[in-house]
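All letters in the sequence shown, in the order written, are residues 4 to 515 by the working numbering.
Here the structure comes first, spelled out in structure tokens, and everything after it is commentary.
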Amino acid sequence: MNKWMPIAFLLILFAGLMLRVPKLADRPLHHDEANQAYRFGILLEEGTYNYDADDHHGPTLYYLTLPIAKLTGVKTFAETSEFTYRIIPVIFGMLLMLLIPLLRSGIGCIAVLITALLTAISPAMAYYSRFYIQEILLVAFTLLAIGSGWLSVQSGSRRWAMLCGVALGLMFATKETAVISYAAMIGSIIICAFLAHIRHFPLKNIGLALLFAGVIAFVLFSSFFTNMDGPLESILAFKGYVSRGSGIETDHVQPWNYFLRILTVYRFDGGPRWSEGLAFGLGLVGCGAIVLKKIPGNCDLGLARFLMFYTLLLMTAYSVLSYKTPWCILSFLHGWILLAAIGVASLFAGCSGNITNRKTALIVRMALVAALAIPVFTTYRLAQRTVFRYAADYRNPYVYAHTSPDFKNLVKRIHELEAVSPDGNKMYIQVIAKPDSTWPLPFYLRKFPNIGYWTYAREVPGRIKPSIIITPADFEADPDAYLSEYYGLRPDTLLAVHIDRPLWDAFIETRK
């Protein structure tokens, strides 16, 4: 197995790349992605970042985008592109697979390969590895914390303990809701210690890890000591998160079984069926093997128990909370993937472990591989549809209040008008809409310097006549002065583009 592991691992990485890299710019930016991109633009141009306790989460996403901007020669927000932002989750989606060998001594070679494979082809993992939000970073840092923590426990190494602390700090600096993962980890450790009758813990290494975690989080939330209120604000932010988690002042309320539906079978409005059933089903097999102590000899029972209780506690916590968005599934889905890998390794060991004839044992293993090949291929094909064909389709469970593909036609029209305008990209554009009907316009119109955003028409100065006015569909512009077109922003939201008559006539002339 060791001989073929590098080749198999490289093939898995290639499959993961094919789901994450192509056509990165095809799907229109979600409003959250555009909002994050705009905040990065401030950091890029002004060199400053101030933590916002009300939204946007921690700073790691923005700081990690800076090297990409530098490497690609980007100096202003207007020069950025979808690639500038989405390559970050792609990198961390791949890093998530590259970190799995940290657990090799605890789960074995077969489980490492299966974990990498299921991570590569998971529809959710692939989809959000192309999505400029914090979630895939949080999962990668969590795996780094678990992997380095495991190695520290095994070897007593302070270096691994320090790395574990760095990863724990990066988790919190990525997304404050990392505390849910912390709670699941602590709960799992307590249960495992009770089952194994462990009374003594490596307190020095634990203290060292916590020290590094605190330092990393403080440095990042303080914007490298330029905003000393940031660390305290990251704690005070939990007042808002607790309210949202209980379903207060939020529209993102879902039933308790919301994530369970996505894990098993999800179908909406006559669309295709989605499922993470391969990971979830095999994960249940892994749980059974752990409970019955039927795991392979190269799989550590203590680590396996930790992963099982951690996953179950984390999924329970997210299911109990009223606030739910589909990307929150990633943290405990990766737990199920690890359990699934243990399940497959247990099946391999159980099917051939008692067979003395090597040839017969090989045949049994090949039969098991063949049995897994069909669901693996089916899941890969589903992942392809998820990230490409149905990338912005509202029937896709991972598409949540997403920007409609028709929105790109609006952007295309504005650029067509720019080409015939005597002012070019300096033409005056007004956007009159509430914030939830504005994003992701600030990203797509970032190259227009003379654009203004207002929530209400009464706030708009009337001294200069705009070339274009963008409003909700119910806004009535003067029909003698403007021609109006309508485009989808989201499935339930239309935007109107009101075009100055002379500008429209000039555009029509180019179409004759």
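Where is the CB? At the ideal position from N, CA and C, for every residue including glycine.
Here the structure is a predicted model, which means the values were calculated and not measured.
query	result
Rounded to whole angstroms, what's the CA-CA distance from residue 317 to residue 429? Just pull it up for me.	51 Å
For the beta strand (DSSP E) holding residue 485, just list the boundary residues, first then last.	485–493
Under 8 Å: do the stretch 262–276 and the stretch 314–331 share three or more Cβ pairs, one atom per stretch?	yes
Taking 8 Å as the limit between beta carbons, can you name the residues of its chain near residue 497, skipping five residues before and five after?	475, 476, 489, 490, 491
Looking at the C-beta of residue 502, does it have a partner C-beta in chain D at a distance below 9 Å?	In summary, chain D is missing from the structure at hand, where a single protein chain is found.
Express the C-alpha separation of residue 14 and residue 7 in angstroms, rounding to a whole number.	11 Å
Check for me: the alpha helix (DSSP H) holding residue 7 runs from which residue to which?	Element bounds for residue 7: n/a, residue is neither H nor E.
Report the option in 160, 130, 166, 145 whose CA atom is closest to the CA atom of residue 175.	145
Between the beta-carbon of residue 343 and the beta-carbon of residue 386, is there less than 9 Å?	no
Who are residue 503's beta bridge partners in DSSP?	485
Put residue 115 into one of helix, strand or coil per three-state DSSP.	helix
For residue 433 and residue 307, I'd like the C-alpha separation in whole angstroms.	58 Å
Determine whether the beta carbon atoms of residue 170 and residue 147 lie at a separation below 9 Å.	yes
Let me make sure I understand the geometry here. Which of 446, 140, 403 has the alpha-carbon closest to that of residue 495?	403
Fully enclosed by the stretch 76–161, which beta strand (DSSP E) runs are 3 residues long or longer?	none
Considering only C-alpha positions, which residue in the set 78, 65, 114, 257 is nearest to residue 91?	65
Can you pull the DSSP bridge partners for residue 457?	435
To which residues of the same chain is residue 195 closer than 8 Å at the C-beta, ignoring the five residues directly before and after it?	201, 305, 308, 309, 312
DSSP beta-bridge partners for residue 67?	According to DSSP, residue 67 bridges with nothing at all.
Would DSSP call residue 363 helix, strand or coil?	helix
Would you say residue 137 and residue 61 are within 9 Å of each other, going by their C-beta atoms?	yes
To the nearest angstrom, how far is the alpha carbon of residue 226 from that of residue 513?	50 Å
With a 10 Å radius around its C-beta and 16 neighbouring C-beta atoms as the bar for buried, classify residue 468 as buried or exposed.	exposed
If you reduce the DSSP assignment to three classes, tell me which class residue 304 lands in.	helix
Going by other Cβ atoms of all chains shown within 10 Å of its Cβ, with 16 needed for buried, is residue 465 buried or exposed?	exposed
Given 8 Å as the limit, is there contact between the stretch 392–399 and the stretch 27–45, that is, 3 or more CB pairs closer than that?	yes
Pick from 193, 446, 39, 299: whose alpha carbon is nearest that of residue 63?	39
Quick one: residues in its chain with C-beta nearer than 7 Å to the C-beta of residue 1, no 5 flanking neighbours on either side, listed in chain order?	What the structure shows of the chain is the stretch from 4 to 515, and residue 1 is not part of that stretch, so it cannot be assessed.
Which residues does DSSP pair with residue 277 in a beta bridge?	269
Run the CB neighbour count on residue 180, radius 10 Å, all protein chains shown included, and call it buried at 16 or more, exposed below.	buried
May I ask you to report which of helix, strand or coil DSSP gives residue 375?	helix
Could you check what DSSP says for residue 41 in three-state terms: helix, strand or coil?	helix
Say whether the stretch 225–240 touches the stretch 43–54, bearing in mind that this needs 3 or more beta-carbon pairs closer than 8 Å, one atom from each stretch.	yes
Measuring alpha carbon to alpha carbon, tell me which of 440, 300, 338 ends up nearest residue 103.	338
Could you check whether residue 401 and residue 126 sit closer than 9 Å to each other, using their CB atoms as the reference points?	yes
Thinking C-beta only, is residue 99 closer than 9 Å to residue 132?	yes
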